[in-house]
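Numbering (the numbering used here), first residue to last: 14 to 92. Where is the CB? At the ideal position from N, CA and C, for every residue including glycine. In this text, all values refer to a predicted model and were calculated from it rather than measured experimentally. Read the structure below first, then the notes.
Dropping the structure here:
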């Protein structure tokens, strides 16, 4: 029993090197917000929100390169 087509697509996308900076940007955004809220620093918390668009773009580019999700090819295989 093999994996589904979408499962294989996700596994191949995880091998993409763009996911490393995307994960770092996401972690920096979450960490910055947590730090800002913990220290009552609104500017830091709001500034950390700027990391989320870049993380989303990098995740989107990685998905588009691998054809995962809504960016997949329109061809449907007959399984």
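- Judged by DSSP in its simplified three-state form, residue 71 adopts helix.
- For residue 63, the closest of 38, 74, 81 and 47 by C-alpha to C-alpha distance is 38.
- DSSP, read as helix, strand or coil, puts residue 45 in helix.
- Each residue's CA atom was taken as its position, placing residue 40 and residue 79 some 23 Å apart.
- Contact between residue 42 and residue 58 does not hold, since the beta-carbon distance rounds to 10 Å and is not under 8 Å.
- Restricting attention to 45, 56 and 55, the CA atom closest to the CA of residue 65 is found in 45.
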